[in-house]
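S.K.: Sharing a structure here in structure tokens format.
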Amino acid sequence: MSELSERVAIVTGGASGIGAASARLLQDAGATVVVADIQEAKDGVGRFVTHDVTSEASWKALLADVLEREGRLDIVVNNAGVSGGTGNVETTTVEEWQRVQAINSEGVFLGCKYAIEGMKKTGPRKPECKGSIVNISSIAGLISGAGPLAYTASKGAVRLLTKSVALHCAEKKYAIRCNSVHPGGVDTAIFNPLWQAVGHEQGKAFIGARHPIGRMAEPPEVGEVVLWLASDRSSFVTGAEIVADGGITSGLMRRLPLAAP
Amino acid sequence: MPRLENKVVLVSGGASGIGAATARLVLREGGKAVIADRDEEKGRALANELGASALFLPLDVTHEADWQKAVTGTVEKFGGLHGLLNAAGVGAGGDIESCTLQDYRRVNDINSLGTFLGCKAVIPAMKQSGGGSIVNISSVLGLRGAPYAAAYCASKGAVRLFTKHVALHCAQMKYNIRCNSVHPGYIETPMIEGRLSQTIGNMSGRQWLEELHPIGRLGQADEVANMILFLLSHESSFSTGVEFVCDGGLTA
Ligand SMILES: NC(=O)c1ccc[n+]([C@@H]2O[C@H](COP(=O)([O-])OP(=O)(O)OC[C@H]3O[C@@H](n4cnc5c(N)ncnc54)[C@H](O)[C@@H]3O)[C@@H](O)[C@H]2O)c1
Ligand SMILES: NC(=O)c1ccc[n+]([C@@H]2O[C@H](COP(=O)([O-])OP(=O)(O)OC[C@H]3O[C@@H](n4cnc5c(N)ncnc54)[C@H](O)[C@@H]3O)[C@@H](O)[C@H]2O)c1
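If you read the sequences in order, they're chains A and B.
Read in order, the letters of the first sequence are residues 20 to 280 in the numbering used here.
Read in order, the letters of the second sequence are residues 299 to 550 in the numbering used here.
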């Protein structure tokens, strides 16, 4: 029996990048995976459900559907996110701020809320719920380049929301853990504007050079962290910030005018 | 020499608690204070009490147009703008299960969007005044989680991080504007009155909160205001983008 067999996982934003890699790794570890995204997944990991993380109605429908079809819920990876442009404090408009918070912050809030609801309903079917909620924050939730303001704020919100959720579940004895992941630069579609501007290889080298280990991550390198947090291997870890950033936040970062998410 | 001589400081949430204590201190140190708050009655009363070096302006921090008026009104009255304290805020309970999307938005709009709009609105006037200092009030709940305050934690985490953004943006643009966050523990202000009178287990809310703090008591608004004064003044001229904790050892 594989490690996560009989566990059901929802991965938001699972159609691309970190979410897609996480979905594949969770599936390889035996989990039944539901990919929930506004855009259709191309490589067909798990079951795809059209889902907008900003809509509470969409969360209700998704949860009902998963409990009906897959019959339980053990893992939720709140990964859907957008970089939201490069606006700084002077140029960011209220509309842009609200759009980014709606996806990156409210989307994760709703994801945690409905994860708990679903995980509590899980059972009495075996195995017992050993729920894990994994929220994708960013190094932008730990430090800030003078880069995208709305993104930075949203990832700071996810970092602290995660701790509140972790403590709430611990206090209620729910057997649900909740942690945040803080990746450095990962080669995904979130950088498409940069790839289009300077070319993929050049852009990748440029951002890679800002990391002490000299390169960007590939999506499965973050997926492995998600898998570890989703599994019982991290059973004593809750409310924690897991950083996978090629060393970028360990030392003094050289800040270039163009900031990465 | 007074520490804020002729400095003009705009205080959102200046009608009460930490904001009001800071406004008083600004005047004592030779500065001018604009008390900007949505509570007109309390705000006007305080400005009247403080006299000619204080001014009340109505402000709802969630409205961008209000911020424009507050900044214009400040510069018209006192001729410049050197300091901003973003103190307007609401405390809100509610764990992740009971907090509705509406609650989440309301708290984040005031505490987080409101602080963003404040930073954005003052930058042009501060540049014209030769630079300045922005102080954003986050909380210990922007450093640590609380099981009972999902929306509040998120809003204060957001403030903690975009403070760093504002600091770096202004440094990069050579605006001579610094920006830091302050993280108070539980401070005896109207915000926590409700919590003090609760009963938690066999303890009063007050005892429960006092015992959270290693130094065994709640903080006073003046104690936070003193830290804010340091950040508003030139004394802190090499500090920007950092977290100043004032919590009686709570997060130590
Ligand atoms: N790539 C990086 O360098 C990096 C670094 C740190 C953090 N992150 C975070 O990792 C997460 C995943 O990003 P990625 O790099 O894989 O980007 P990506 O663009 O490849 O994938 C994001 C996915 O989220 C989906 N999505 C967007 N809005 C949605 C919504 N409202 N509802 C449902 N799905 C939605 C998109 O359709 C897309 O499939 C994001 O939260 C991002 O902020 C990425
Ligand atoms: N008291 C504490 O224990 C504590 C601890 C940590 C952080 N804080 C933070 O300190 C700041 C000040 O809080 P306080 O304790 O002095 O509380 P307070 O309730 O005494 O004062 C808050 C003030 O903000 C004003 N306000 C609220 N919403 C507003 C809006 N939309 N527009 C304009 N004004 C608005 C209120 O009218 C009030 O005058 C808040 O950001 C709060 O989150 C307080």
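We treat Cβ as the ideally placed atom computed from N, Cα and C, and that holds for glycine.
Predicted model only: the values in this text are computed from it and were never measured.
Buried or exposed for Thr398(B), going by 16 or more other Cβ atoms inside 10 Å?
M.R.: When all chains shown are included, Thr398(B) counts as exposed.
S.K.: What residues are listed by DSSP as bridge partners for Leu355(B)?
M.R.: Ala334(B).
S.K.: Is the region 462 to 474 of chain B close to the region 397 to 411 of chain B, with three or more CB pairs under 8 Å?
M.R.: The answer is no - the region 397 to 411 of chain B does not touch the region 462 to 474 of chain B, with fewer than three Cβ pairs under 8 Å.
S.K.: Can you tell me where the alpha helix (DSSP H) with Ala452(B) in it begins and where it stops?
M.R.: First-last of the alpha helix (DSSP H) with Ala452(B): 448 to 470.
S.K.: Would you say the beta carbon of Lys367(B) comes nearer than 7 Å to a heavy atom of ligand 4?
M.R.: Ligand 4 is not among the ligands present in this structure, which contains only ligand 1 and ligand 2.
S.K.: Could you confirm whether any beta carbon from chain B is found closer than 8 Å to the beta carbon of Leu180(A)?
M.R.: It does; some Cβ of chain B falls within 8 Å.
S.K.: Where Pro422(B) and Ala469(B) are concerned, what is the direct C-alpha to C-alpha distance, given to the nearest angstrom?
M.R.: Approximately 14 Å, taken between the alpha carbons.
S.K.: Can you tell me which of Leu45(A), Gly100(A), Ala121(A) puts its alpha carbon nearest to the alpha carbon of Arg337(A)?
M.R.: A query on residue 337(A) cannot be resolved here, the shown segment of chain A reaching from 20 to 280 and no further.
S.K.: Taking only the alpha-carbon atoms, compute the straight-line gap between Arg196(A) and Asp251(A) and give it to the nearest angstrom.
M.R.: Looking at the two C-alpha atoms, the distance is approximately 10 Å.
S.K.: Report buried or exposed for Pro512(B), applying the criterion of at least 16 other Cβ atoms within 10 angstroms of its Cβ.
M.R.: Result: exposed.
S.K.: When the Cα atoms are used, what is the spatial distance from Gly371(B) to Asp364(B)?
M.R.: Computed Cα separation, rounded: 10 Å.
S.K.: Please go through the same chain and pick out, in chain order, the residues whose beta-carbon is closer than 7 Å to the beta-carbon of Ser77(A), but skip the five residues on each side of it.
M.R.: These residues qualify, in order along the chain: His70, Asp71.
S.K.: Report whether the distance from the Cβ of Tyr484(B) to the nearest heavy atom of ligand 2 is below 7 Å.
M.R.: Yes, since a heavy atom of ligand 2 falls inside the 7 Å radius drawn around the Cβ of Tyr484(B).
S.K.: Ignoring anything shorter than 4 residues or poking outside the region 408 to 449 of chain B, list the alpha helix (DSSP H) runs there in chain order.
M.R.: Listed in chain order, the complete alpha helix (DSSP H) runs (minimum 4 residues) inside the region 408 to 449 of chain B are 412 to 426.
S.K.: Write down the C-beta distance between Gly377(B) and Lys305(B) rounded to the nearest angstrom, noting that I regard them as a contact closer than 8 Å.
M.R.: The Cβ separation is near 11 Å, so there is no contact.
S.K.: Is it the case that the Cβ atoms of Cys544(B) and His481(B) are separated by a distance below 8 Å?
M.R.: Going by C-beta atoms, Cys544(B) is nearer than 8 Å to His481(B).
S.K.: Are Ile94(A) and Ala249(A) closer than 8 Å when you measure CB to CB?
M.R.: The answer is yes: Cβ separation under 8 Å.
S.K.: Once the 5 residues before and after Lys375(B) are set aside, which same chain residues still bring their CB inside 7 Å of it?
M.R.: Cβ neighbours of Lys375(B) beyond the five flanking positions: Leu353.
S.K.: Just checking: is the beta-carbon of Cys148(A) within a distance shorter than 8 Å of some beta-carbon in chain B?
M.R.: Chain B contact via Cβ: absent.
S.K.: With DSSP run on the structure shown, which of helix, strand or coil describes Ile209(A)?
M.R.: Helix at Ile209(A).
S.K.: Does any residue of chain B have a CB that is nearer than 8 Å to the CB of Leu186(A)?
M.R.: Yes, contact with chain B.
S.K.: What in chain A is Cβ-close to Ile421(B), meaning under 8 Å?
M.R.: Those are Val108, Glu109, listed as they occur along chain A.
S.K.: At a cut-off of 7 Å, would you count Asp552(B) as near ligand 1, judging by its Cβ distance to the nearest heavy atom?
M.R.: Because chain B is modelled from 299 through 550, residue 552(B) falls outside the range shown and cannot be assessed.
S.K.: Nearest by alpha-carbon distance to Glu491(B): which of Gly311(B), Gln426(B), Gly514(B), Ala390(B) is it?
M.R.: Nearest C-alpha to Glu491(B): Ala390(B).
S.K.: Compare the C-beta of Lys367(B) against all C-beta atoms of chain A and say whether one is closer than 8 Å.
M.R.: It does not; no Cβ of chain A falls within 8 Å.
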